[in-house]
Each structure stands twice: as C-alpha cells, then as structure tokens.
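Offset between the sequence shown (1-based) and the numbering used here: plus 50. Where is the CB? At the ideal position from N, CA and C, for every residue including glycine. Nothing here was measured: the structure is a model prediction, and the numbers come from that model. Let me begin by presenting the structure, written as structure tokens, before commenting on it.
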Amino acid sequence: MDDKKNIILAVLLTAAILFGWPYVSHYVFPAANPPVTKIEGGKTTPVAAPGTDAADGPAVIRDRALVLKDSPRIAIRTPKLVGSINLKGARIDDIVLPTYKDTIDKNSPSVRLYSPSGTQDAYFAGFGWQGEGLKTPTRDTLWTARGSALTPTTPVTLTWNNGAGQLFEIRLSVDDNYMITAAQKVSNTAAGAIGVKPYAYISRTGIPKDPDTWTIHVGPMGVFNGAANYDVNYKDLDEGPSTQSFQSKGGWIGFTDKYWLSALVPAADGDFAGQFRKGAGTQYQADVALGSTMLPPGKAATQTLRLFVGAKEVKTLEAYQDAGIPLFDRAIDWGWFYWFEKPIFALLHWLFEHIGNFGVAIICLTFVVRAIMFPVAQRQFASMAAMRAVQPKMKALQEKYKDDKQQLQVKMMELYKQEKVNPLAGCLPIFIQIPIFFALYKVLQLTIEMRHQPFVLWIKDLSAPDPAHILNLFGYLDFQPPAFLAIGVLALLLGISMYFQFKLNPAQMDPMQQQIFSIMPWMMMFIMAPFAAGLLVYWITNNCLSMAQQWWLYRKHPVQSAPVPAK
C-alpha cells in the first residue's frame, strides 16, 4: 500500500511540475528579478502621447504599397534589414527581414516587422523633441535627407529648420545586424537660450498573433535598473492604468514578440523615463524621454539612442549584451530555468552547426543526456531490485498490522532502514529529467534558431506540432481535428514507445499500480500531441534508449526483471 502511494505521488508530482510549473513561475513568482522603480498612472513628463506623434492611425486602412508611395522615402539596405525611412515625420516605418519567411512554403514572403501608419497592423518607430515655447517637429514635418540610402557603410542625416533659430538633425546609422543608431542634434542660433528634451517612441496597432502564455511573455517589456521586467502586458494597459512608467539608469524598453523584438536603447550610463501607453482601440506605445538640456545661443547638443528592430537571435542578442546593453538576451523569456536552458541551447545549437540537421542534433543531445544520466539509471535499477527483494517482507507486515496503520508505518520505516532501501530512489531519474525536458521545451518554443527547421520526410518544422494527423488520414481528408484529438505519427510513436518501456519493467504486484502504468502511455500520447515535433523526437529517442539500457541491465542482472512471487 505504501509503495502504491509512493508511485501515485511520483506520477502526480511529475505531471504537476511538468505542466504546472510554467504557470507558477510566470504568475506566482514573476519577480525572479529585483524590483524596479515603477510609477503608475504616468506621473512623469508625458512624451509623444497617444493621439499625437505616435498612435495616429486613420479610420480607413489602406493598401501598404499605396501608403508607401504617398511619402518621400530613403531606402534601408543591410544584410538583415530591407525597408525605408519616411521623411514625413522622420519615422522608420517600413522594415522587412529578408532572411526569415512567414511560413515554410517555398514562395512565402519575407517577415514584415514594421508597417506605416494607415496600414494593417501598423508598427513603426520615430524620434522627436519637446521644449517649452519651442517650435518642434511634428508627425507632419517634412525632413530633408543627406544621403541616398541607409546601409552599414553609408549613414543618413535628416535635417529640419524650424525658422525660429533652431536646426534639428537626426543622424541615422546601422550595423550589419538589427541595430539602428540615432544621434539627435539641436543647434540654437536664436538670441535666447532654449530648453530641449529628445524622445523616441515605438508605436504598434494590434496584438501579435502569438499572445502572452504561461510560458512565453509577449508584449511590453524592458530592462530597468538592471532588472528584466515582464510584468506589463497588453491586457494590463487595456484594463488600466493606460500608462505605466519607469525611471531607470541604463536599460531598454520596447515590444517583444515570440521571435521578434523592437526596442529603444538609451545610453548605458544615462537616466531615462520609459513609458508604456494605451491609445485608442488597439494602439500601444513604448517611449523614452532623455534628459533635458538648456542650450545657450550659438551652442548645439547631441544625444544618442539606439533602435533594435529584428529577430531575437541568441548569439546576436548576446553580442549586443557584451557590448554594453544590459540583459539584452532576456528579450527571450527564458523563465525560471534560465541558468539551465542556456547551456541546453548552446549544446543543441553547437550540435546543429556540426551536423546540419536539427532533428539529428536533438537525437544526439538525447544520447548526451542519457550518457550523463547513466550512473543515475544504474542506481535506479539497483533501488528497484532492492525494493522488489523486500516486497514479501512488506506484504507480511501489511497483513500483520492491517488494523494498526500507525504501527505499520513504524515497522515499514524500520524495514527500509534495516534493508537500506529508499522507496523514492527509483523516482530520482524522473525528477532529474523534468528540468531537462522543460529546458528543451522552452528552447524549442522560444529560440528563432529552431524556427522552420526540418527533420525528415513530412516533418518540415520541428518547432511546430506534427502535421501528419491520423484522424484526417494525414491531410487527405479536408478537415482539421481539434487540438486534443490532433494525434500525429510522432505522438503515436511516443505512446507505443512508452508502452513497451513500461512492459519491460517488472510486473507490479498491486493492481492499482498496474492500471496506472497501463494508462499512462496513452494519456501522455494525447497530452503531448500538440507540442513541438522536436520535443516528441527527444522523448521518443529517450524512451528507446531507456529500453536499450533496461534490456542491457536485465541481461547483466536477471533477478531485476523477475516478478516477485505473491505470498
């Protein structure tokens, strides 16, 4: 009876940790990082308030190509960014990522990240200034450009004269990846001093297709005072307060999607006021206000910040972090097991770079994990053998003290101590596998390096569920099964491999235990079917290696596989 309770408890704890931990880590313990200075209700100086410079979407949505033709533009051409700068309003509102496709289809268009105001899912960034009694550029200001195209070797400078003694300049430069640098300069030729404060904003309309989940945060995000902040989401801004503000020294602020990031990065040693705002409808904004400067006659002042707009590639984010952007790799919501997921990713990506096939890399990772776990598995089998050796004595105690539960527990503990066995030792490998399994799950779900990676035959994307559903005859029938019935070939192989793995175990004496082990493979088949195909490849490989190891150990120690005779 006690052994039965232990097994049931182990099963329940495993399921709870595997499927409940993401909720706990995301909602119960969101403050895994130190607290940040947060000001509710927008008590800092407003910058680019929704309805003025940023969230200005018109009532009628127009075709993107027509909108792009309506304003003068300067091209953006880099190895990883293609698009244009809108000279009306000094906006970067046209960005395509040529190295990534929307889908795995051969003719799929490239991923579009930024789109101008007035188009579907408008998303753009802009720069400006505030100043008391100062005529500053607006969203309708037409800027003059020096330079024909923004490339890694050719910067572009935008200029505008307000006619009142101030010249505004925005010098834009870009690297080979996804970082655009904006140097905002004001020259004062008027007779009196002026006060001026630069700002920048990112505006987006609509909520992305990959909503915030228990395991992945998407939406407003930033790093403030050395701590990553995932606490604000679109729902928070919808339900109020509609403005949430942060004061920080160094850091960054923006919007993170599952695979993409748009973020404003002030100077690492500078103070800034960052805000998330909710505009009309589904318009949202992240903005940054830099420090105010008093500019005497004949003087000029320049303040610089950067705009990241692109893919959340792990090595690219780490390179920017090494160059001084704090916690930039936390744009990927690694979660509670950050310390464990990063090594799993590093090993998996290293294997992929040397093998060339991500599915094979996952299989090789499984071999590495099993090799590391081999001594633990050896102890597990020794524990199983010891427990089964004392089964007759346990049964005898249960018969003798069946009417005295307290005395039975005492005698059982004495028996465990006398025989030097631990009833939970056999569960240790399960609990060790949980963080490995969850880390791989997060890596496959989060990192863009796994996106659209093929394996063999019908598996064209290991980060997506198995598309070969049995109920629609692998796509020959024109209907899509509901998620809980979308059993693919990999899920079926998982259930079969678990079934045979349990069959290799010694037969259980208790009928309840036998029922649990007979149901579990098929229950896990349904649970795991909607998960990424790469995760199922890992689990199937792990089951096959476990069976091989069990077979080998049973051959060395036949007594471990022999059932214990009933009394």
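- For residue 589, the three-state secondary structure derived from DSSP is helix.
- In the DSSP assignment, residue 366 falls within the unbroken alpha helix (DSSP H) covering 364–372.
- A contact between stretches requires three or more CB pairs, one per stretch, nearer than 8 Å, and the region 131–141 meets this requirement with the region 178–195.
- The continuous stretches of alpha helix (DSSP H) do not include residue 501, and DSSP gives it neither H nor E.
- In the DSSP assignment, residue 393 falls within the unbroken alpha helix (DSSP H) covering 388–405.
- Contact check for residue 469 and residue 440: beta-carbon distance about 5 Å, within the 8 Å limit, so the pair qualifies.
- Shown here, residue 530 sits in coil according to DSSP, grouped into three states, outside any helix or strand.
- In chain order, 531, 536 and 538 place their CB closer than 6 Å to the CB of residue 519, counting only its own chain and leaving out the 5 sequence neighbours on each side.
- Listed as beta-bridge partners of residue 251 by DSSP are 176 and 337.
- Residue 583 places its beta carbon 7 Å or farther from that of residue 542.
- For residue 512, the secondary structure class from DSSP, reduced to helix, strand or coil, is coil.
- An exposed status is given to residue 110, since fewer than 16 other beta-carbon atoms sit within 10 Å of its beta-carbon.
- Below 8 Å, enough C-beta pairs join the region 323–338 and the region 244–252 to call them touching: three or more.
- In the three-state reduction of the DSSP assignment, residue 581 falls in the coil class, being assigned neither a helical nor a strand state.
- Of the residues 455, 230, 404 and 546, the one whose Cα lies closest to the Cα of residue 200 is 230.
- For residue 219, DSSP records a beta bridge to 209 and 235.
- Around the beta carbon of residue 404, a 10 Å sphere encloses fewer than 16 other beta carbons of the protein chains shown; the residue is thus reported as exposed.
- Leaving aside the five residues that flank residue 175 on each side, the residues in its chain whose CB is nearer than 6 Å to its CB run, in chain order, 142, 252 and 357.
- Around the beta carbon of residue 605, fewer than 16 other beta carbons lie within 10 angstroms, which makes this residue exposed.
- DSSP places residue 259 outside both helix and strand once states are collapsed to three, so it counts as coil.
- By the neighbour-count criterion, in which 16 or more other beta carbons inside 10 Å mark a residue as buried, residue 321 falls on the exposed side.
- Rounded to whole angstroms, the gap between the alpha carbons of residue 152 and residue 472 is 53 Å.
- By the Cβ test, the region 286–293 is not in contact with the region 351–365, since fewer than three Cβ pairs between them sit closer than 8 Å.
- Within the same chain, 186, 187, 218, 234, 236, 246, 247, 248 and 249 come within 8 Å of residue 179 by CB-CB distance, once the 5 residues on both sides are set aside.
- Within the DSSP secondary-structure output, residue 343 pairs in a beta bridge with 246.
- Between the alpha carbons of residue 129 and residue 415 lies a distance of about 32 Å.
- In the structure shown, residue 361 adopts extended strand secondary structure according to DSSP, grouped into three states.
- In chain order, 284 and 332 place their CB closer than 7 Å to the CB of residue 257, counting only its own chain and leaving out the 5 sequence neighbours on each side.
- Looking at the DSSP output, residue 144 bridges to 134.
- Contact between residue 395 and residue 497 holds: their C-beta atoms lie close to 6 Å from each other, under 8 Å.
- Residue pairing by DSSP puts residue 538 in a beta bridge opposite 519.
- In the DSSP annotation of this structure, residue 112 is not part of any beta strand (DSSP E), being labelled neither H nor E.
- Distance from residue 377 to residue 317 at the Cβ level is roughly 16 Å; contact not present, criterion being Cβ atoms closer than 8 Å.
- If you ignore the 5 residues before and after residue 345, its C-beta comes within less than 8 Å of the C-beta of 236, 238, 243, 244, 245, 246 and 351, all in its own chain and listed in chain order.
- Per DSSP, the unbroken beta strand (DSSP E) holding residue 270 starts and ends at 269–274.
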